[in-house]
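Okay, structure first, notes after.
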C-alpha cells in the first residue's frame with residue numbers, strides 16, 4: 089500500500105476507501121432521498137455521459153444492486169426512511185460497492201438489524217474478502233468478530249494492544265487484552 093492524505097469524504101472515495109458508519113441514519117444515508125439516489129451518491133461519475141446524468145444507466149445500476157443484495161422494497165424510488173434497518177444497511181453497502189471501493193471500513197455493520205439481515209450482511213462482507221479486497225470490521229459484538237474476521241486487533245484505552253489470528257482468538261482472550269491484560 090501507499091500512504092495517502094485524506095482531508096474529506098471526497099478524498100477517501102477518490103482513494104478507494106468506503107466507510108459504512110456506525111449510525112446509518114445520521115451519517116450513512118440521506119433518509120429523505122430515494123434508494124436510487126442513495127446508491128449512486130458516492131459515484132455520480134459512473135452515471136454521467138458528457139457531463140449529463142444518464143438516468144437509465146442509474147436505474148439499471150441500482151436495480152442490479154437491489155437484486156444482488158436482496159434489498160426488499162416496493163420501488164427504487166422509495167425514500168430510504170421507509171425501509172427496515174436491514175434494508176437500509178444494504179443500501180449503504182450498495183453505495184460503497186457501487187463506488188468500487190478497494191478498502192471497506194465497516195463500523196458496527198449489523199447494529200440494529202434482525203438476525204436474517206445480519207446473516208446477509210456477513211455474506212456480503214465475506215464475499216468482499218474472498219475477492220481480495222481489504223475489509224476492516226469494527227464491532228463490539230465478540231461473536232460477530234470471531235465469526236467473520238481473519239485477524240483481530242484488540243484495543244485498550246485507544247491503543248492496539250494485541251493482534252490475534254482467528255485460530256487463536258477466543259472471547260476470553262479478546263476480553264483479557266481489552267481490559268488491560270498483558271502477555272507474560
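Numbering (the numbering used here), first residue to last: 89 to 272. All residues carry an ideal CB built from backbone N, CA and C; glycine is no exception.
Where residue i and residue j are concerned, what is the direct C-alpha to C-alpha distance, given to the nearest angstrom?
i, j, result
"residue 231", "residue 259", "8 Å"
"residue 223", "residue 264", "25 Å"
"residue 268", "residue 195", "23 Å"
"residue 214", "residue 227", "15 Å"
"residue 188", "residue 106", "9 Å"
"residue 49", "residue 124", "Because the chain spans 89 through 272 in this model, residue 49 falls outside it and cannot be assessed."
Using a threshold of 8 Å, state whether the C-beta atoms of residue i and residue j are closer than that.
i, j, result
"residue 158", "residue 117", "no"
"residue 277", "residue 120", "In the structure displayed, the chain extends from 89 to 272; residue 277 sits before or after that span and is not available."
"residue 151", "residue 164", "yes"
"residue 127", "residue 153", "yes"
"residue 108", "residue 180", "yes"
"residue 122", "residue 167", "yes"
Our contact map puts residue i next to residue j with C-beta atoms below 8 Å; I'd like the distance itself, whole angstroms only.
i, j, result
"residue 251", "residue 240", "7 Å"
"residue 190", "residue 129", "About 19 Å; that fails the 8 Å criterion."
I need the boundaries of the beta strand (DSSP E) containing residue i, first residue and last residue.
i, result
"residue 152", "No beta strand (DSSP E) contains residue 152, which is instead part of the alpha helix (DSSP H) from 143-156."
"residue 226", "222-226"
"residue 235", "Run containing residue 235: none in the beta strand (DSSP E); it sits in the alpha helix (DSSP H), 230-236."
Going by beta carbon distance, what residues of the same chain come within less than 8 Å of residue i, once the five residues before and after it are set aside?
i, result
"residue 238", "217, 253, 254"
"residue 205", "172, 173, 174, 175, 177, 178, 198"
"residue 149", "127, 128, 134, 135, 186"
Kindly list the residues whose CB is nearer than 7 Å to the CB of residue i, restricted to its own chain and excluding five residues on each side of it in sequence; keep chain order.
i, result
"residue 257", "234, 240"
"residue 236", "210, 213, 214, 225"
Could you pull the start and end residues of the alpha helix (DSSP H) that residue i belongs to?
i, result
"residue 181", "173-186"
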